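These protein sequences, in sequence, are chains A and B.
Mapping to the working numbering: the first sequence position 554 is 554, numbers consecutive.
Each number in the working numbering comes from the position in the second sequence (counting from 1) with 768 added on.
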Amino acid sequence: MLLAVLSGFLLALIAPWIYQQAGDKAGWILAVLPACLAVYFATFLPDVIAGELIVEHYAWVPSLDVDLTMTLDGLSLLFALLISVIGTFIVIYGSGYLHGDRNIARFYVFLLAFMASMLGLVLSDNLISLFVFWELTSITSFMLIGYYHENDKYRKCAHQSMMVTVGGGLAMFAGLILLAMIADSYSLMAILEMSPSEIAGHDLYVPMLVLILAGCFTKSAQVPFHFWLPNAMAGPTPVSAFLHSATMVKAGIYLLARLQPGLGGTEIWMTVLPVVGAVTMFTGMYLALRSKGYKQVLAYSTIMALGVLTMLVGIGTEAAMIAFVVFLLAHAMYKATLFMVAGIVDHETGTKDLTVLRGLKSKMPVTFFCAILAALSLGGFAPLFGFLGKELMFEAVLDAQYLSALLVALAMGTAMMGVAVALILGLRPFWGELSDTPKDPHEAPLSMLLGPVVLASLSLLTFLALEWVDAGLIQAAVPAVWGPEFDFYLARWHGINMPLIMSAISIAIGIGIYWKWDAVRGLMNRLEWLYERGPEWVYNKSMYGGLPWVANRQTRIIQNGYLRNYLVTILMTMVILVGYTFFSRYDEPLSLALDVEFYHVLLALVLLGAAVFASVTQSRLGAVASAGVVGFSVALVYILFSAPDLAITQVLVETLTVILLVLVLFRLPEFVSFSSRGARIRDIIVALLVGGLVTVLLLATGQEQFYDEAISAAHIEGSVALAHGRNVVNVILVDYRTLDTLGEIFVLALAAMGVYAMVKFRAKDDEL
Amino acid sequence: MIKSKSLILRTATRFLLPLQLLFSLFLLLRGHNEPGGGFIAGLVAAGAIALYLIAFNVDETRELIRFSPHDLFGVGLFLACIAGIPPLLMGHPYFTALWWRPEFPFFGEVSLSTPLLFDVGVYLTVIGAVLAIVLALAEAED
């Protein structure tokens, strides 16, 4: 299975080459991979339906408990199938939609990588690898949304989607770590095997839940983070179709559903999720009804669907989880179709304004067929799969344990508007008199029609062949999110019951709204001032106003360009943090009984004298020279305590320092301005504090035996025997602690580059 | 830049430079058993070239070292990084030391190891980094 995930990344690597070889046919060739993946995952269906959990272990970083174990249960399988099936059609559709675009190879690269990340996400068992794939989807989708990167506005949209989802992702990362602390394992299987009460009873449950929900809500565009999703339409339409139907935004939903058997069932879960979800679905539909761009309406209706799914996971009853699976499947099919239809309409007519588009059915009969089927599924009309989703959703809402009345009201409102939106999308552009459009409309090419036709037909066929779908997918997926004791089967007709009556009412009122759409929109636009002060306004204010302001301020205060201020900050931080820790934890008396020879005293006096002279002299050369004396005296100290390697290094560094200082000194003017009296007193205090602290620390480390046996003994013992070297200092540098040394030489090289850049690329004098 | 007119310094430097560089190689190779090692040897070599810089000038120094100092530390970092790969290929953790003692005619047994390769990387990085700084500063004089 790991190979199945990685194959997408591998193909992404060679996609540009395939495009070079195959040209316009590349889309068809590249689509073979997702198609094969779909077949591959489908072969697991019998086993998964039989209740088997397919696990494949791959070690990644065993020492950190991070692995690439792939698990496949009903939920993962459902998602994997959606991703690969819709992915297949998206790749083909993209080749038609972006036909002739010079960056199309890049589109294939990111789309395939995106698909592979999404597959990895839904198959991962390990929380860390899940998070890695989660972030990969954020990054690849950023590249896809920002596909038209020459346009400043589109770049901003891509940036926004990434900031929101990655910001939430970071919170989620912290939440996942807390979850792993609670469960004492990074494996989802192990976490879900725990009893839910054990997780919910833990002290860290609430912070963990809040953090994970932050990640899921941002990723899945729940109110108030919903604003990035409509903006993400800046990408090419196939990207939106994929993003909205089977991937990206569904990642948060997937994780919620995945965790629901373990984390769900608590009061906070069963109130927060349904309320956020219900508000999201209502807001989404409301905004959809108000918009007039084809893609925009679709994007808001996706927010509605995400809200419904979150709400259902939150309600968490058996009926709700069944509704969740059915709604998920229905939404993926009709949303991918509708987005592809939107792309076709835009592509072939040159406009996506729903108030302009009319009467396309004679020019584009196939597109009309797809659009009407998918839209009716969206509106929840029989005989389409969406009908079941809506019925089951009503049923779940009616049975909700908490706040049922509120949820029912919002669901009812959403359903009414949903019917109207469905008609606006599926019927209005195609019915009536043919209107004038920028381009002369005609039917789209095969590559662009294939996906919508297949997926729209599926919306119908899945309803007609419900028994098969039920036995094949639903029965496999529901146990994964609900539990094995599950006794339910789907039926087309439940008799006349409450959900059906609600459905009928919503359809009747929905048609009325559709009839008076212009008037309704006019009414909605009266609230214009409210939309402009929404969450996006807050985001923009903080992103383009607050953040630069804070950055400016803190740069001016902390990074003010004066080396002496930096030093004071760094040293005082050290004094306060280390000093506090030391004095609050260490209460042994410090003894000054040291073994001192007269030449030690002599050397110390030289050191002290040179240091004092360096700090009071008024000549640069004097300061440099006396600093040199300090350095060489330190080298002498090393020799006295038999550390020749250190001594040699110290001498060489001192020599080079003098050379460097000489090169610099020539360029500096005489000392002209000296520190003020206050600054000098401050410096003296800082210097005394640092010196005092270091002295105390050294005394303490000298009299303390931290380990039973000194580390040095083990190092010296292993030096010849293990590392074949008698010079233990060098053995430490190049053998015991090689990675540290590697880090140090990287720092050295970076410092050299920094100096080089500072000297070579400094601002010209007249630019200062 | 300090223009050294001293003939004595120049002549002495011509003779000293090869000796210093040889000494730095000596320090590098013996480092595993006696005081020395890549870091110290690199400092000695860089110091030697810095002396040459003071005795002559930037252009002549660049001609002397032939490679750009940036290339030197790039190669150094590269060598240091790949020194960890052979053990990886043999299934050990990154940077596990591997030793190889082939017999050569005249030299007898020679000890080669991945730590040596790593130390050579350190050596080149130190030379490159120090020279990059020194040369950049010296050039900025004008």
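Backbone N, C-alpha and C define an ideal beta-carbon position, used for all residues, glycine too.
Note that the structure is predicted; figures quoted are calculated from it, not measured.
Which word fits Lys516(A), buried or exposed, when buried means at least 16 other C-beta atoms lie within 10 angstroms of its C-beta?
Taking the first residue of the first sequence as position 1, residue 516(A) is located at position 516. Around the CB of Lys516(A), fewer than 16 other CB atoms lie within 10 Å, so the residue is classed as exposed.
Looking at chain B, which residues of the segment 699-729 of chain A have a Cβ within less than 7 Å of any of its Cβ atoms?
Residues of the segment 699-729 of chain A with a Cβ closer than 7 Å to any Cβ of chain B, in chain order: Ala723, His724, Gly725, Arg726, Asn727.
Thr266(A) (DSSP reduced to helix, strand or coil)
Looking up residue 266(A) in the first sequence gives position 266. Residue state, collapsed to three classes: coil.
Would you kindly work out how many angstroms separate the C-alpha atoms of Pro644(A) and Pro803(B), rounded to a whole number?
The residue you call residue 644(A) lines up with position 644 of the first sequence. The residue you call residue 803(B) lines up with position 35 of the second sequence. C-alpha separation (whole angstroms): 6 Å.
Skipping 5 residues on each side, what residues in its chain have a beta carbon closer than 6 Å to that of Val686(A)?
Working through the first sequence from its first residue, we reach residue 686(A) at position 686. If the five residues before and after Val686(A) are omitted, its C-beta is found closer than 6 Å to the C-beta atoms of Val568, Leu571, all from its own chain and listed in chain order.
Exposure label - Arg782(B); buried when at least 16 CB within 10 Å
As a working note, residue 782(B) is residue 14 in the second sequence. Exposed, since its Cβ has fewer than 16 Cβ neighbours within 10 Å.
If we count the other Cβ atoms within 10 Å of its Cβ and call it buried at 16 or more, is Ser506(A) buried or exposed?
One-based indexing of the first sequence puts residue 506(A) at position 506. Classification for Ser506(A): buried.
By the DSSP assignment, the beta strand (DSSP E) with Met70(A) in it spans what residues?
Walking along the first sequence from the start, residue 70(A) turns up at place 70. Where Met70(A) is concerned, the enclosing beta strand (DSSP E) stretches over 70-72.
Identity of the residue in Trp468(A), Val122(A), Val731(A), Gly168(A) nearest Leu213(A) by Cα:
Here residue 213(A) refers to the residue found at position 213 of the first sequence. Of the candidates Trp468(A), Val122(A), Val731(A), Gly168(A), Gly168(A) places its Cα closest to the Cα of Leu213(A).
Short of 7 Å in beta carbon distance, which residues of its chain neighbour Ala396(A), apart from the five on each side in sequence? Order them along the chain.
For the purposes of this step, residue 396(A) is taken as the residue at position 396 of the first sequence. Within the same chain, Ala396(A) has close Cβ partners Leu312, Ile315, Thr317, Ala319, Ala320, Ala323.
In the DSSP assignment, the beta strand (DSSP E) including Glu56(A) goes from what residue to what residue?
If you number the first sequence from 1, residue 56(A) lands on position 56. Under the DSSP assignment, Glu56(A) falls in the beta strand (DSSP E) whose first and last residues are 54-56.
In whole angstroms, what separates the C-alpha of Gly859(B) from that of Trp868(B)?
Stepping through the second sequence from its first residue, residue 859(B) is reached at position 91. Stepping through the second sequence from its first residue, residue 868(B) is reached at position 100. In a straight line, the C-alpha of Gly859(B) is about 17 Å away from that of Trp868(B).
Neighbour list for Phe841(B) in chain A, Cβ cutoff strictly below 9 Å:
Sequence index remark: in the second sequence, residue 841(B) carries index 73 (1-based). Around Phe841(B), the beta-carbon contacts reaching into chain A at under 9 Å are Ile745, Leu748, Ala749, Ala752, Met753.
Segments of 4+ residues assigned as alpha helix (DSSP H) that fall wholly inside the segment 830-889 of chain B
Positions of the alpha helix (DSSP H) runs, each at least 4 residues long and wholly inside the segment 830-889 of chain B, are given as 837-850, 853-857 in order along the chain.
Amino acids of chain A, ordered along the chain, whose beta-carbon sits closer than 7 Å to that of Phe863(B):
In the second sequence, the residue the question calls residue 863(B) occupies position 95. Result: Thr738, Leu739.
Is any beta-carbon of chain A found at less than 7 Å from that of Phe886(B)?
Mapped onto the second sequence, residue 886(B) falls at position 118. The Cβ of Phe886(B) sits closer than 7 Å to at least one Cβ of chain A.
Which class does Val356(A) belong to by DSSP, given the choice of helix, strand or coil?
For this step, residue 356(A) is matched to residue 356 along the first sequence. Coil at Val356(A), not helix or strand.
Ignoring anything shorter than 4 residues, give me the alpha helix (DSSP H) runs that lie fully in the segment 401-474 of chain A, in order along the chain.
Taking 4 residues as the shortest admissible run, the segment 401-474 of chain A contains the following complete alpha helix (DSSP H) segments, listed from N- to C-terminal end: 404-426, 446-464, 466-469.
Please list, in chain order, all residues of the same chain as Thr88(A) whose beta carbon is under 7 Å from its beta carbon, the five residues on each side excluded.
Walking along the first sequence from the start, residue 88(A) turns up at place 88. Hits under 7 Å: Ala31, Pro34, Ala35, Ala38.
Would you tell me roughly how many angstroms separate the C-alpha atoms of Pro230(A) and Ala221(A), rounded to the nearest one?
On the first sequence, residue 230(A) is found 230 positions in, with the first residue counted as 1. On the first sequence, residue 221(A) is found 221 positions in, with the first residue counted as 1. Each residue's CA atom was taken as its position, placing Pro230(A) and Ala221(A) some 10 Å apart.
Give the secondary structure of Ala336(A) by DSSP, where H, G and I count as helix, E and B as strand, and everything else as coil.
As a working note, residue 336(A) is residue 336 in the first sequence. It is helical.
Am I right that Leu811(B) and Val894(B) are in contact with their C-beta atoms under 8 Å? What's the rounded C-beta distance?
Position 43 of the second sequence holds residue 811(B). Position 126 of the second sequence holds residue 894(B). A Cβ-Cβ distance of about 6 Å is found for the pair Leu811(B) and Val894(B), placing them in contact under the 8 Å criterion.
Taking Cβ positions only, does Ile648(A) come closer than 7 Å to chain B?
Taking the first residue of the first sequence as 1, we reach residue 648(A) at position 648. Chain B contact via Cβ: present.
Per DSSP, the bridge partner or partners of Ser673(A)
The count along the first sequence starts at 1 and reaches residue 673(A) at position 673. DSSP, once it has assigned bridges, lists no residue as partnering Ser673(A).
Leu563(A) versus chain B: which residues are under 9 Å apart at the beta carbon?
Here residue 563(A) refers to the residue found at position 563 when the first sequence is read from its first residue. Neighbours of Leu563(A) on chain B: none; closest Cβ ~17 Å, over 9 Å.
Where do the N-terminal and C-terminal ends of the alpha helix (DSSP H) with Ala22(A) fall, by residue?
Here residue 22(A) refers to the residue found at position 22 when the first sequence is read from its first residue. Where Ala22(A) is concerned, the enclosing alpha helix (DSSP H) stretches over 2-22.
Own chain partners of Pro535(A) with C-beta closer than 8 Å, once the 5 adjacent residues on each side are dropped
Taking the first residue of the first sequence as position 1, residue 535(A) is located at position 535. Cβ within range, chain order: Val223, Pro224, Phe225, His226, Phe227.
Looking at Leu406(A) and Tyr334(A), is the spacing between their C-beta atoms short of 7 Å?
On the first sequence, residue 334(A) is found 334 positions in, with the first residue counted as 1. On the first sequence, residue 406(A) is found 406 positions in, with the first residue counted as 1. Contact flag unset, no.
Beta-carbon separation (whole angstroms), Thr302(A) vs Val341(A), contact threshold 8 Å:
By one-based count along the first sequence, residue 302(A) stands at place 302. By one-based count along the first sequence, residue 341(A) stands at place 341. Not a contact, Cβ separation roughly 14 Å.
Measuring CB atoms only, is the segment 203-217 of chain A touching the segment 79-96 of chain A, in the sense that at least three cross pairs come out at less than 8 Å?
Not touching, per the Cβ criterion.
Just list the residues that DSSP pairs Asp67(A) with in beta bridges.
Numbered from 1 along the first sequence, position 67 holds the residue referred to as residue 67(A). Note: Asp67(A) sits in a beta bridge opposite Ala59(A).
Can you list, in chain order, the residues of its chain with a C-beta nearer than 6 Å to that of Ala770(A)? Leave out the 5 residues immediately preceding and following it.
Since the first residue of chain A shown is 1 and the last is 768, residue 770(A) is not available in this structure.
Just how far apart, CA to CA, sit Phe846(B) and Leu660(A)?
Locating residue 846(B) in the second sequence gives position 78, counting from the first residue. Locating residue 660(A) in the first sequence gives position 660, counting from the first residue. The straight-line gap from Cα to Cα measures roughly 27 Å.
Roughly how many whole angstroms lie between the Cα atoms of Met364(A) and Leu357(A)?
Here residue 364(A) refers to the residue found at position 364 when the first sequence is read from its first residue. Here residue 357(A) refers to the residue found at position 357 when the first sequence is read from its first residue. For Met364(A) and Leu357(A), the distance between alpha carbons rounds to 12 Å.
Measure the C-alpha to C-alpha separation of Gly451(A) and Leu78(A) and round it to an integer number of angstroms.
Start at 1 with the first residue of the first sequence, and residue 451(A) comes out as number 451. Start at 1 with the first residue of the first sequence, and residue 78(A) comes out as number 78. Answer to the nearest angstrom: the Cα atoms are 19 Å apart.
When DSSP labels each residue in this structure, what does Asn565(A) get in the three-state scheme?
Within the first sequence, the letter at position 565 stands for residue 565(A). Here Asn565(A) sits in helix by DSSP.
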